[in-house]
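In the UniProt record's numbering, the protein residues as written are 1 to 259.
Glycine residues also receive a C-beta, built at the ideal position from the N, C-alpha and C atoms.
Here the structure is laid out as structure tokens; the discussion comes afterwards.
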Amino acid sequence: MNKLEIRTVDVTQYITPLREGGSLPAIVKADDDFLYVLKFRGAGQGKKALIAEFIGGELARAIGLKVPELVFMNLDDSFSKTEPDEEIQDLLKFSVGLNLGLHYLSGSITFDPLASVADPLTASKVVLLDSIISNIDRTVKNPNVLNWNKELWVIDNGASFYFHHNWDTWENHLTRTFPLIKDHVLLDRATKLDEASLHITSTLTSNTINTIINTIPEDWLINESDTFTPDQIREAYKTYLNSRLEKINSLVKEAEDAR
């Protein structure tokens with residue numbers, strides 16, 4: 001079973017919470033001496049947000065978008081014992097184990113629709129990617145893209161794949177498109193959707209998708225509320241993504257009509 005080579009590091013220092021995020025991600029230091037934005041398994045949407053973040057990030061990387069390195073991050077129980085803030089203390093306590101980190105892009109700035117850099121092909125790729133992964137959270141209000149070193153970087157895909165919060169009805173989503181693309185922060189710059197779709201369909205092969213999904217940690221796929229096994233959940237993600245690629249022409253038309 002092919003998997004991506006994702007590094008695993010240990011958190012050595014909790015530095016500061018990022019309070020603009022609803023799930024209280026934090027800047028932390030790891031045992032490789034790099035800084036990361038840590039996404040916690042104990043936050044509101046739990047491990048499913050980490051799965052969405054991971055799949056979305058690695059799909060974005062596969063189609064040539066700039067994405068901070070993603071790493072698996074071990075968090076032990078020592079941090080919650082020394083944290084004075086009760087809210088953060090609880091978050092740390094419920095997040096002991098394997099979490100997800102994104103390499104911290106020091107000096108990056110949040111994308112500004114009026115002033116920031118985003119070339120048409122890159123914008124088109126991001127728009128189509130978000131249609132494919134049903135990402136409801138890349139809007140003017142909350143762009144979730146950064147400008148760093150005069151390039152566009154994709155972050156925060158945790159609000160994607162919202163069907164996975166109810167596996168009983170997930171197959172209903174296989175025939176749907178993504179009307180919420182009308183609110184996408186990059187839609188007005190996405191003038192090369194046809195070119196982007198050709199690149200995406202040639203890059204996101206079944207093998208690429210399988211490799212990404214196979215890399216999801218087994219532990220993240222186990223939830224008391226789920227009736228599916230981890231293997232069934234992996235197959236569902238693969239089926240969903242392949243179904244989206246099969247209807248990419250419809251997603252292109254939907255985005256073009258919205259723009």
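Leaving out the 5 sequence neighbours to the left and right, which residues in its chain are closer than 7 Å to alanine 258 when beta-carbon positions are compared? Ile181, Lys182 and Leu187
Please say whether leucine 152 and threonine 175 have beta carbons closer to each other than 7 Å? no
Report the rounded CA-to-CA distance for residue 281 versus aspartate 137, giving the unit in angstroms. In the structure displayed, the chain extends from 1 to 259; residue 281 sits before or after that span and is not available.
Would you verify that the beta carbon of isoleucine 109 is, or is not, closer than 7 Å to some beta carbon of chain C? Looking at the structure shown, chain C is missing, and only one protein chain is on hand.
Aspartate 10 - containing beta strand (DSSP E), residue span: 8-17
For a test of the three-state rule: what should DSSP assign to glycine 56, helix, strand or coil? helix
Option in Leu92, Arg41, Met1 and Leu70 with minimal Cα separation from histidine 103: Leu70
Would you mind working out which of Thr16, Thr201, Lys47 and Asn149 sits nearest leucine 221, comparing C-alpha positions? Lys47
Tell me which residues share the same chain as isoleucine 6 and place their Cβ nearer than 7 Å to its Cβ, disregarding the 5 neighbours each side in the sequence. Leu70, Val71, Phe72 and Thr215
Proximal residues to lysine 238 (C-beta, below 7 Å), its chain only, five neighbours per side dropped: Ile209, Asn210 and Ile213
Whole-angstrom distance between asparagine 249 and isoleucine 15, CA atom to CA atom: 45 Å
Does DSSP classify alanine 258 as helix, strand or coil? helix
Run the CB neighbour count on proline 143, radius 10 Å, all protein chains shown included, and call it buried at 16 or more, exposed below. buried
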